[in-house]
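Peer 1: Chains as they are written, first to last, in my numbering: chain A, 40 to 266; chain B, 40 to 266; chain C, 13 to 261; chain D, 13 to 261; chain E, 59 to 372. Here it is, the structure in full.
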Ligand SMILES: Nc1ncnc2c1ncn2[C@@H]1O[C@H](COP(=O)(O)OP(=O)(O)OP(=O)(O)O)[C@@H](O)[C@H]1O
Ligand SMILES: Nc1ncnc2c1ncn2[C@@H]1O[C@H](COP(=O)(O)OP(=O)(O)OP(=O)(O)O)[C@@H](O)[C@H]1O
Ligand SMILES: [Mg+2]
Ligand SMILES: [Mg+2]
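Here you go:
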């Protein structure tokens, strides 16, 4: 039963490949547009996430009050947010970036804050005794100590950023892989839908690989668990 | 300009409150249905996430191969998955739970695996010398050590589970807060849309609070950073 | 009751050779002390016995059985206490036992009292002083069921008197149960007071340079420190160690 | 060049009183040793001087200035080395200096060589033995710019000879720069060899029970250990400590 | 796409920018607009039109709020919107008659509303659906109570009929044509065949009341151009299909051509002019909705639409 799926619902890989090769000219610009959106959104989302988590970390009293709001921000359905964003910011790139930012920043905040919280008490103790200022404590101890957690958050965010970009295009866009996919879907071109998915996945894997590469470089020299 | 928003687009809080009180009977069962879905989906998603991450952790060779697939699983747009799920599983509750599971399990996997990776080498050393079996190492050291990370993942997953349930209802459901919201939206009852959002948020906060409470209990006695 | 034989153990880290052809025996019920310069490879020997990694060459056998690379055959105090921060003190001390069989909280309680830690059973490690943590790690090793005990500087953070009490207590336990003990220390008097035999490690790469059998009768008490024979031995060991007398690099 | 005065310091953890009315002075350029039973409160005194928490009562002043609860006024070796696992050895030793001003890698390099750690500059802490890590923490404290140094059992993991070299080196640095030093140790000989004055802490709760001024002339060398005067002092301190002779609880 | 305040300058030489928001992805309902764009009718009228896809939430709110000048909607939505005081006005009917109906594969044997009994209907959960089905079935003495209604969410027609669904509500001009192309034989029960009151306008072109008050000229120019576009599509279905395909190359060519072929004659049908709307149609449907409890208040039908912007009949 699982394999009795009509071709128009789940096209054969060869069909998908064929369409991917032949259709390149027609979707290359969509791809570019979505990657741009995803990269910009990811960078902004991560920056916002880091700034927010650092601020909350440095202002523990604010943290209590703001944390629930962050959770809430993840629960505003896009179909509600979409008209508001469009009305405030039009059909341009800004509302889309807001959506991606909203998707990316939350995993960063949760992971980073948890990273800060787990800072080794012994090292913290040494730094305090040595008279480290709050900013030194932060730069020399808390940040490097939280780095693995931050990367954990970055990985989740990177994974979501491409999908976030695709979703943001449903806000109303004239190009982008999300638009391409909706058009394909509504004109029943399932092969194209799958081409779109394949590229979304490739984009996402590239993003993820970049983060892993960065992690390798930045955490170089840290002791692996088997050494 | 920001505040020149007509009432039918962003209703006044009093209107929302009014509708929330008066309409209770009409949406209470939707609410119940969605909470059920979210809880079941969350529990299954978290279980799957834990099982997957534990398996990957214990089978590092499989890990390399499977990890990219996990990332990909987060990048299958629901609009593509939906028809397949419907064909395979119909319009019942199963495909919806699959969607929520898909949303919830990923943050758990990433956070848990990163938690395992950070196990203290000194304690690991002691356990090995003491002849701990793989399972003891796991139960007595790796799990307790990864607990804060796991909770970090649980928090993200809990946040997403309610939204995941709402999205899953777009797959076709006869009740649920997602259905209620879509209908309200299409008949321009923005006040009801916002009632739905408010309840989605409340549900989500309750979930989050439960996780935080659980974390407090399970991590009790662990040294806070200021002690 | 167990006899450990180390045969021509060689070990390098990266391109640096640490141990070269190290051979020794710890007989059944024997108490052997291991001395050597800082960084020479004493802890490394322990890690190899414990099976943390395999020697590049050579074998360990316990009671005639090859245990090279096998774990869980010895009970052990690491050089730093390595207590589990999320476990209370009593939960920490039973850990070694827990891994092998059902832990005995009754005995654990008594042992903690003997180690001067009464009232700290339910404290967490961070609430203890350095010396107290070291005693917890020591009690944990004593409560482990294995008959061969490796102790890596277990008393280095203790004051003279607490240290003496611990030493005396260790001797009692050792005599009662006839466990075999391999003991790393930097304190010559401690080594002389406790051990039957005394191994001295050279440096760079480390080999066993001396293997002294000590003639002091048992049971021993504090008066031993004042005997002429003890002082002579102390001088002798001092000189043996002095031959390594350059800062290791 | 700095003078520390501790005035009637009292401190409790939860319901347990640790320090009661502890007062002492470390004069400009003075080398003071602090002895006391394990768990009596020596490290706690350091933490209070360092401003980690405030005493329940009492004040510290440095050069007449109240520094109670203020951080960064002293340089310090913690009882466990507390090295930063993601920093190489050379990056670790400059950390204390880095916090106050621009670090001097040249001097750091020389200091590491003197501590027998040449060739380990770019190693990570986990690649070092226990004693080597302790030396790194010691070098880190010496490289910190403050004039008042608190050392918490800095040599406990070193063999006799490495320890002697480190002691001698510490004395040289201290004499050259006339820093003031407060030094915790469990080794009576070490305390006698290094210090001008010797404070003995009682237990439960801790107070300063004795404050001995040592008459040995400087510069001191290893021959001091063999003098009759030294042996007498050793016995005296031993007895003073013995009055605490029960396992603390 | 902000024109309200830039009108004065743009009237002199620069073109006036307006935004047109579609109701869904581009399809043959929108051909006239794309033709007007391609053939330069907008340009001639001094307009610079941006055609935008609506995204998740549809065009109505965006148009009503003035963020976009024009949009595509349907009579049913405009009716609901207006009874909620949302200032949306229909200015042209794209198709004269309702081309939607209940479709089912022939092997389900659904040839009249009475056959719905015992079958499964796949819908999206709106109250209007059961009301429509019921009014069809009543004519044959049956009741919607005997129909099993499931919500199929965003699932498309072809997927749904693979599974538990027996019949669904589709636009013949798109899904129906696709079925033809796939050689799936459908039984189609058009709403218009069973009830006059259900022959409402879908889709329609909308604007908001502010536009009507402040920029009637712009509307006139826009509708004039669009009207020419649809006239072109009526006269030249093949060329019109080409234009749509060229403008939106990601659409399926075959489907567009077939659909255009089918739809072109239906834009104007028997009406005297493309786009005209009849007050009766608006009244009938609103009354039907009201009597079926689908509206909270009655509609002021005359305010909901206007023909005043249609070009004078030549
Ligand atoms: N994981 C490692 N990687 C690289 N080198 C290591 C590693 N572990 C130990 N070494 C090196 O091996 C040598 C011996 O270390 P070991 O810990 O056995 O010394 P030790 O005799 O116990 O010294 P101490 O008395 O100071 O504890 C040292 O030079 C150390 O740098
Ligand atoms: N954070 C804490 N919470 C509760 N009790 C503590 C804490 N830190 C220290 N103590 C208690 O304070 C007492 C003194 O500890 P401290 O570390 O100062 O001892 P010490 O003299 O340095 O001992 P050692 O020689 O063993 O290092 C101990 O009984 C210890 O249990
Ligand atoms: Mg060692
Ligand atoms: Mg201490």
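Ideal placement from N, C-alpha and C gives every residue a C-beta, glycine not left out.
If you draw a straight line from the C-alpha of residue 398 (chain E) to the C-alpha of residue 206 (chain B), how long is it?
Peer 2: The structure shown has nothing for residue 398 (chain E), since chain E only spans 59 to 372.
Peer 1: Alpha carbon to alpha carbon, what distance is there between residue 205 (chain D) and residue 196 (chain C)?
Peer 2: If I take the Cα positions, the gap works out to 25 Å.
Peer 1: Counting along the chain, where does the alpha helix (DSSP H) carrying residue 138 (chain B) start and finish?
Peer 2: Residues 133-156.
Peer 1: In angstroms, rounded to a whole number, what distance separates the CA positions of residue 230 (chain C) and residue 159 (chain B)?
Peer 2: Near 42 Å, if we compare the C-alpha coordinates of residue 159 (chain B) and residue 230 (chain C).
Peer 1: From residue 302 (chain E) to residue 359 (chain E), what distance separates their C-alpha atoms?
Peer 2: Cα to Cα, residue 302 (chain E) sits roughly 33 Å from residue 359 (chain E).
Peer 1: Going straight from the alpha carbon of residue 63 (chain E) to that of residue 270 (chain E), what length do you get?
Peer 2: Because residue 63 (chain E) sits at a pLDDT of 46, beneath the cut-off of 50, its placement in the model cannot be relied upon, and the following sentence gives the value as read from the coordinates. Going by the C-alpha atoms only, they are around 15 Å apart.
Peer 1: Show which residues of chain A have a CB atom less than 7 Å away from the CB atom of residue 100 (chain E).
Peer 2: Those do not exist, as residue 100 (chain E) stays about 16 Å from chain A at its closest Cβ, beyond 7 Å.
Peer 1: Does the distance from the CB of residue 35 (chain C) to the CB of residue 50 (chain C) come in under 7 Å?
Peer 2: Not closer than 7 Å, so no.
Peer 1: Please list, in chain order, the chain A residues whose beta carbon lies closer than 7 Å to that of residue 111 (chain D).
Peer 2: The answer, in chain order, is 169, 170, 171, 175.
Peer 1: Could you compute how far the alpha carbon of residue 194 (chain E) sits from the alpha carbon of residue 327 (chain E)?
Peer 2: Spanning the two alpha carbons is a distance of roughly 24 Å.
Peer 1: Can you give the Cα-Cα distance for residue 162 (chain C) and residue 144 (chain B), rounded to whole angstroms?
Peer 2: The alpha-carbon atoms of residue 162 (chain C) and residue 144 (chain B) are separated by roughly 44 Å.
Peer 1: Check whether the Cβ of residue 147 (chain D) lies closer than 7 Å to any Cβ atom in chain A.
Peer 2: It does not: the Cβ of residue 147 (chain D) has no partner Cβ on chain A nearer than 7 Å.
Peer 1: Can you list every residue whose CB sits closer than 7 Å to some heavy atom of ligand 4, going in chain order?
Peer 2: Those residues are C:141, C:142, C:143, D:54, D:55, D:91, D:164, D:165, D:196, given in chain order.
Peer 1: Label residue 221 (chain A) either buried or exposed according to how many other C-beta atoms from any shown protein chain fall within 10 Å of its C-beta, with 16 as the threshold for buried.
Peer 2: Looking at its Cβ environment, which holds 16 or more other Cβ atoms inside 10 Å, residue 221 (chain A) is buried.
Peer 1: Taking the CB atoms as reference points, tell me whether residue 201 (chain A) and residue 67 (chain A) lie closer together than 7 Å.
Peer 2: Not a contact, by the Cβ cut-off of 7 Å.
Peer 1: With distances taken from CA atoms, which of A:141, A:72, A:88 is nearest residue 192 (chain A)?
Peer 2: Of the candidates A:141, A:72, A:88, the one whose C-alpha sits nearest the C-alpha of residue 192 (chain A) is A:88.
Peer 1: Going by other Cβ atoms of all chains shown within 10 Å of its Cβ, with 16 needed for buried, is residue 165 (chain E) buried or exposed?
Peer 2: Looking at its Cβ environment, which holds fewer than 16 other Cβ atoms inside 10 Å, residue 165 (chain E) is exposed.
Peer 1: Give the residues of chain C in contact with residue 183 (chain B), contact being defined as C-beta atoms less than 9 Å apart.
Peer 2: Residues of chain C passing the Cβ test: 96, 98, 99.
Peer 1: Are the C-beta of residue 258 (chain E) and some C-beta of chain B separated by less than 7 Å?
Peer 2: No, residue 258 (chain E) lies away from the interface with chain B (no Cβ there is under 7 Å from its Cβ).
Peer 1: Only counting runs of 4 or more residues, tell me where the alpha helix (DSSP H) segments fall wholly within the segment 87-119 of chain A, in order along the chain.
Peer 2: Whole alpha helix (DSSP H) segments, 4+ residues: 99-112.
Peer 1: Considering only the alpha carbon of each residue, which of E:241, E:239, E:260 lies closest to residue 18 (chain E)?
Peer 2: Absent from the model: residue 18 (chain E). The displayed extent of chain E is 59 to 372, so no value can be given.
Peer 1: Exposed or buried, residue 240 (chain E), counting other C-beta atoms within 10 Å across all chains shown (16 or more means buried)?
Peer 2: Counting Cβ neighbours within 10 Å, residue 240 (chain E) comes out exposed, since fewer than 16 surround it.
Peer 1: For residue 105 (chain E) and residue 74 (chain E), I'd like the C-alpha separation in whole angstroms.
Peer 2: One C-alpha to the other measures close to 5 Å.
Peer 1: Taking its Cβ as the centre, do 16 or more other Cβ atoms sit within 10 Å of residue 243 (chain C), making it buried, or is it exposed?
Peer 2: With fewer than 16 other Cβ atoms within 10 Å, it is exposed.
Peer 1: Using 8 Å as the threshold, is the segment 208-216 of chain B in touch with the segment 155-172 of chain B, meaning 3 or more CB pairs across them?
Peer 2: Too few Cβ pairs lie closer than 8 Å, so no.
Peer 1: With a 10 Å radius around its C-beta and 16 neighbouring C-beta atoms as the bar for buried, classify residue 67 (chain E) as buried or exposed.
Peer 2: The predicted position of residue 67 (chain E) is uncertain, since its pLDDT is 44 and thus under 50; a value taken from the coordinates is nonetheless stated next. Counting Cβ neighbours within 10 Å, residue 67 (chain E) comes out exposed, since fewer than 16 surround it.
Peer 1: Rounded to the nearest angstrom, what separates residue 54 (chain A) and residue 84 (chain B) at their Cα positions?
Peer 2: The straight-line gap from Cα to Cα measures roughly 33 Å.
Peer 1: Determine the closest residue to residue 82 (chain B) out of B:141, B:129, B:130, B:121, with distance taken between C-alpha atoms.
Peer 2: Among B:141, B:129, B:130, B:121, the Cα nearest to that of residue 82 (chain B) belongs to B:141.
Peer 1: Assuming residue 105 (chain C) and residue 74 (chain C) form a contact by the criterion Cβ under 8 Å, report the distance between their Cβ atoms to the nearest whole angstrom.
Peer 2: Their Cβ separation, rounded to whole angstroms, is 24 Å, which puts residue 105 (chain C) and residue 74 (chain C) out of contact at 8 Å.
Peer 1: Identify whether residue 286 (chain E) lies in helix, strand or coil by the three-state DSSP scheme.
Peer 2: Here residue 286 (chain E) sits in helix by DSSP.
Peer 1: Are any of the Cβ atoms in chain B nearer than 7 Å to that of residue 108 (chain A)?
Peer 2: For residue 108 (chain A), the answer is no, since every Cβ of chain B falls outside 7 Å of its Cβ.
Peer 1: Count the other CB atoms, across all protein chains shown, that sit within 10 Å of the CB of residue 239 (chain C); report buried if there are 16 or more and exposed otherwise.
Peer 2: Classification of residue 239 (chain C): exposed, given that the 10 Å Cβ count is below 16.
Peer 1: Show which residues of chain E have a CB atom less than 7 Å away from the CB atom of residue 45 (chain B).
Peer 2: Near residue 45 (chain B) (Cβ distances below 7 Å), the residues of chain E are 123.
Peer 1: Considering just the uninterrupted stretch of the alpha helix (DSSP H) at residue 259 (chain A), what are its terminal residues?
Peer 2: Neither: residue 259 (chain A) is in no alpha helix (DSSP H) and is coded neither H nor E.
Peer 1: When the distance is taken between beta carbons, is residue 74 (chain B) closer than 7 Å to residue 242 (chain B)?
Peer 2: The answer is yes: Cβ separation under 7 Å.
Peer 1: Tell me whether residue 332 (chain E) sits in a helix, a strand or coil according to DSSP, three-state version.
Peer 2: In this structure, residue 332 (chain E) counts as coil in the three-state DSSP scheme.
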